[in-house]
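K.L.:
Here's a structure for you.
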Amino acid sequence: MIAIVVTVFGTISYRALRASTLQGAAERLTMVANVFGQPPAQRPAWTRTNAEIARSQPVRDIVRSGGQRVSDSARTLIANLAPDTGQTLAVDVRDADGTILLSINSTLADSLLRHRVFNGDAPPAPNADSGPVLPRLRQRFPDTTASSELYRRGSLVLFERATPIREAGRVIGHIVEIRKVATAPNALRQLSGLIGRDAALVVGNPDGSVWSDLEHPIEHPPPVEGPQRYRRDNRSWISVTTPIAQGPWVLGVEFPEDIVLARVHALRTRFILIGLVVVLLAAVVAERLSRRLTVPLVNLTSAAEAIAGGQRVTTLAPLDRSDEIGRLSRAFAAMSTSVHASRDTLELQIDDRTRALQVALTKLQEAQDELVRQERLAALGHLSGSIAHELRNPLGVMTNALYYLESVLGTDSPPKVREHLAKLRKQVRLSESIITGLLSITRTGEPHVETIDVRSLVDEAIARAGVPENVSLEVAIPGDLPRISSDPVHAAQILMNLLTNALQAMEPAAGTLRIRARESEHMIRIEVGDTGPGIAPEYRERIFEPLYSTKARGIGLGLSVSRSLAAANRGRLFATEEPGGGAQMVLELPAVHTASERVQQASRAEGVGV
Amino acid sequence: VVDDDRDIVDTLCDILELRGYATLRAYDGLDAVSLAVQQPVDWVIMDVRMPKLTGVEALQVIRQQVPGARVVLMTAFASADLAARAESAGAATVLHKPFDPSRLLNLIEGERGEL
C-alpha cells in the first residue's frame, strides 16, 4: 500500500516536475531560436557585396552581351563571391531565362554540382539525395534576393541564392551562388557559449526534408512544429524550431533531454531511494506490527485448539498488554480457566454420578441376588414344607409307639432295650428338629418384634445347642449392653444355627467357642467364633446361598434362612475371619435404648458414675 | 380316635387302652361323625386333614350332634389360622404332630379330675 502510494506520488511529482522543466527549457530554446532567426541588425558584409556586385556595370555587361563580354573586372567581382572559405562552391551569372553566362566553380565542388536549383530545369531526380525545391524558385527566378530550400549532395547540405541583376528597374539576369550550410568553427564555439555546450543548432527546410547541424546532414531530423521531444542518435532531444527571417529555412535549437532533466532525474533517483527506504521501513514496521499482532493470535489459536482437544492450557499470550490483544488474551485466559473449572466440576459430577451409579448397580445386583435367593428359598420352602408335613405323620407314629413301648416295658426292661429306646427317641427328636428347621423357611414372614435381652438369648441358645465337653466356651457380653429389637423366635433360630455350625466346624477335635457382643452404630453386634478350619474368602458369600453346604450333614439351608431372618429383622448376617484362623459369623440386630439406659450412657460419656 | 393314617390311630388307641380307656377307631371324617352319633363318646381325637370330611367339618357336626363330646384336633401343619378356626368351632385344643402322648393323657385326665 505504502509502496503504491509512494510510487504514484513519486510518478506524479516526477511528471509534473519534468513537464515544467521541459516547458522551461522549451521556452528558453524558443527564445534562443528567435534570437538566431531574426535578421541581424547589421547585415554581413558578403550580403551587401553580393547586391553591389549584381548592380555593377561589368556584371550587367555580361548579361547584356549574352555572356560574350566578360571583362576581367567582372570575373574578379564574381570570383570575390566565391572566396576560399569553402562556403560558396560555385557562382553563376545567368540571364533571365536561366542560361548560364558565366560560372566560376571552386575546384573541390565541381563534380558535385551537376544540378542547379535556379535554372528552371527539371527538379532533382527522386533518387538523388536531395530534398524538394521550392516551386516558386523552380519555375522562375525571383526578383529579389532569395535563397532556395536546402538540399543534399552526399555529405553536404547546400542551398542556392539568387540575386537579381537589374537594369532600369528590370531584372535581366541573376547571380546564383551555390553555398553549403556551414559556420565558422569559432562561430560554433560562440553559439555553444550562448546556448550551452550540450545544445545544438540545426537548420532545415520547413517541411523537414533536409536538416543540417550547420556542418553535416542530420539523419534523424527534429520535428518541424512546436517545442517537441524526439530521439536522435540514441538520445532524447528537446527541440524548438522557428522560421528564419532571411531564408526559407527553419532554425532548430535542440537540447538533450537528459541534460535538461538531469536535476529532475536526480530528484527522481532520490525519490526512488526515499521511496524504497520508506517502503522498506514500512515493511519492517508492518512485519513487527503484524508479529506483535499475529504471534499472540497464533498462540491464542493454538491454545484454543489445545483446549478444544481437551488439553489444559496454562501458558497464554501476554496478559499485561493494554491493547485489544491484551484484552483478548485476558478474556481468553478467563474463559480457559472457567472452561477448566467447569470441566473439573463436570468431571467431579461425573465421578460422583458414576460412583452413585456403581453403588446403585451393586445394590441392584445385591437386590437381584437376594431376590433370586429368596425365590429359591421360597421354592425350597414349599418343597421342604410338603416333605416335612409328610414326615410328621410317621414321626407321630414313632413317638406314639415309643411312648407305648416305654409305658409297657417300664423300668424293668433290660438296659440295652432302654438304651435303644433312648436312641430311637433322640433320633425322632433330631428328625423333628430338622423338620422344624426346614419349615422355618416358610415362616420368614412378618417378624413379631420384641425387646430381647442378648445375654438370656445367648444363654438359651447355648443350652439348646448342647456344647460338647471337649469344647470350651468363652462368652463376653457387657452387662450394660442395650437390648435388641427383634422377633425372639427368629433371633433364637439364627443364633442356634450359628452355634450349631460353629460346633460342627470344630468336630471331632477339641476347640473353643467364643461368643462376644457389643454395640456398634446403633446395632448390637453378636460375634460367634470358632477354632475350626475357617472359611476361605471366596466362600464367605456362597455359604449364604440356598442348598450350598460344605458339611457332610445338612442340606445347606441354615445360613441362607438365617440371613433372610436377619434381614427381615432389619439386621444383617455375614461371615468373616476369627483371629487365629477360625470362622467368625457376625449377626447384627437393631439396638434398643430404654430411657434409663440412655441416661446411663449419657452419664458414662460425661464420666459421671451412677 | 380318627386319622386316615391307621398307625396313628392304632398307636394312640393302644396307649389310651393301656390307661384303661375304651376307644373307637375311625379312618375318615364321615366314619367319625357316624360313630360319634351312634355311640356316645366323651372325647374325639381327630386329624384335621382327612378324606371325605375334614377334621374341622367333622368337628362342627359332632359339636352340633353330640354336644357333650370334647374334641382334640391333631395336625401336621402348624398354622395360627387353623388354631383360630378350630377354637371358634369348639375344639378343646390343637396338638401338633408329632406330640408327646403324655400331653394328650394329661389333658384327658385333667378333665376327668375336674368331673
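Just so you know, the protein sequences line up as chains A and B, in that order.
When we follow our numbering, the leftmost residue of the first sequence carries the number 486, and every step to the right adds one.
When we follow our numbering, the leftmost residue of the second sequence carries the number 2, and every step to the right adds one.
We put the beta carbon where it would ideally sit given N, CA and C, even for glycine.
A quick note: this is a predicted structure, and the numbers were derived from the prediction, not measured.
(1) Taking its Cβ as the centre, do 16 or more other Cβ atoms sit within 10 Å of Ile497 of chain A, making it buried, or is it exposed?
(2) His874 of chain A CB to nearest chain B CB: under 8 Å?
(3) Once the 5 residues before and after Arg64 of chain B are set aside, which same chain residues still bring their CB inside 8 Å of it?
(4) Whole angstroms are fine: how far does the CA of Leu849 of chain A sit from the CA of Ser916 of chain A?
(5) Check whether the region 972-986 of chain A and the region 1049-1064 of chain A are in contact - that is, three or more C-beta pairs closer than 8 Å.
(6) Below 8 Å between beta carbons: does that hold for His1011 of chain A and Leu923 of chain A?
(7) Look at the alpha carbon of Phe817 of chain A and the alpha carbon of Leu761 of chain A, and state the distance between them as a whole number of angstroms.
(8) By a C-beta neighbour count over all protein chains shown, 10 Å radius and 16 as the cutoff for buried, is Leu865 of chain A buried or exposed?
(9) At a Cβ threshold of 8 Å, is Glu917 of chain A touching chain B?
(10) Short of 7 Å Cβ to Cβ, which residues in the region 2-24 of chain B face chain A?
(11) Of the residues that make up the region 880-906 of chain A, which ones have a beta carbon closer than 8 Å to any beta carbon in chain E?
(12) So with CB distances below 7 Å, who are the chain B contacts of Asn878 of chain A?
(13) Could you tell me which residues DSSP pairs with Pro1108 of chain A in its beta bridges?
(14) Could you name the residues of the same chain whose beta carbon sits closer than 7 Å to that of Glu1030 of chain A, not counting the 5 residues immediately before and after it, in chain order?
(15) So who's on the other strand from Ile585 of chain A, going by DSSP bridges?
(16) Taking the continuous beta strand (DSSP E) assigned at Phe817 of chain A, which residues delimit it?
(17) Pull up the distance between the alpha-carbon of Gly964 of chain A and that of Asp29 of chain B, whole angstroms please.
(18) Considering only DSSP beta bridges, list what Ala1002 of chain A is partnered with.
(19) Per DSSP, what are the beta-bridge partners of Asp11 of chain B in this structure?
(20) What's the gap between the Cα of Val913 of chain A and the Cα of Val62 of chain B?
(21) Does Asp101 of chain B come within less than 8 Å of chain A when only Cβ atoms are used?
(22) Specify whether the region 985-1001 of chain A and the region 947-966 of chain A touch according to this definition: at least 3 beta carbon pairs, one from each stretch, less than 8 Å apart.
(23) Would Ile16 of chain B pass as a contact of Tyr888 of chain A if the rule is Cβ separation under 8 Å?
(24) Which residues does DSSP pair with Tyr636 of chain A in a beta bridge?
(25) At which residues does the beta strand (DSSP E) containing Ser957 of chain A begin and terminate?
(26) Any chance you could list the beta strand (DSSP E) runs of at least 3 consecutive residues sitting entirely within the region 729-784 of chain A, in chain order?
(27) Could you tell me whether the Cβ atoms of Ile1000 of chain A and Leu1074 of chain A are closer together than 8 Å?
(28) Tell me the rounded alpha-carbon separation between Gly689 of chain A and Pro706 of chain A.
(29) Where do the N-terminal and C-terminal ends of the alpha helix (DSSP H) with Met981 of chain A fall, by residue?
(30) State yes or no: is the C-beta of Asp546 of chain A within less than 8 Å of the C-beta of Arg554 of chain A?
(31) By Cβ distance below 7 Å, which residues in the same chain neighbour Ala510 of chain A in space, the five residues on each side in sequence not counted?
(32) Nearest to Arg777 of chain A by CA position, among A:Ile792, A:Ser807, A:Leu765 and A:Ala793, is which residue?
(33) Just the Cα atoms here: how many angstroms apart are Leu106 of chain B and Trp44 of chain B?
P.N.:
This is what the structure gives:
(1) It counts as exposed.
(2) yes
(3) Ala70, Val72, Ala90 and Gly91
(4) 38 Å
(5) yes
(6) Here residue 1011 of chain A turns out to be Ile, not His, going by the sequence shown. No, the Cβ-Cβ distance between Ile1011 of chain A and Leu923 of chain A is not below 8 Å.
(7) Distance between the alpha carbons of Phe817 of chain A and Leu761 of chain A is about 40 Å.
(8) buried
(9) It does: the Cβ of Glu917 of chain A has a partner Cβ on chain B nearer than 8 Å.
(10) Asp6, Asp8, Ile9, Thr12, Leu13, Asp15, Ile16 and Leu19
(11) Absent from the structure: chain E. Protein chains present are A and B.
(12) Simply Asp6, Ile9, Ala77 and Lys98.
(13) A query on residue 1108 of chain A cannot be resolved here, the shown segment of chain A reaching from 486 to 1095 and no further.
(14) Arg858 and Ser1045
(15) Ile585 of chain A is bridged to A:Arg579.
(16) Looking at the DSSP string, Phe817 of chain A is not in any beta strand (DSSP E); the run it does join, the alpha helix (DSSP H), is Glu809 to Leu894.
(17) 57 Å
(18) A:Ile1011.
(19) BP columns for Asp11 of chain B are empty, so no partner.
(20) 35 Å
(21) True, the Cβ-Cβ gap to chain A drops below 8 Å.
(22) yes
(23) yes
(24) A:Leu643
(25) In this chain, the beta strand (DSSP E) harbouring Ser957 of chain A covers Val956 to Ala961.
(26) Listed in chain order, the beta strand (DSSP E) runs fully inside the region 729-784 of chain A are 735-741, counting runs of at least 3 residues.
(27) no
(28) 8 Å
(29) Pro973 to Met991
(30) yes
(31) Ile723, Phe740 and Val745
(32) A:Ser807
(33) 11 Å
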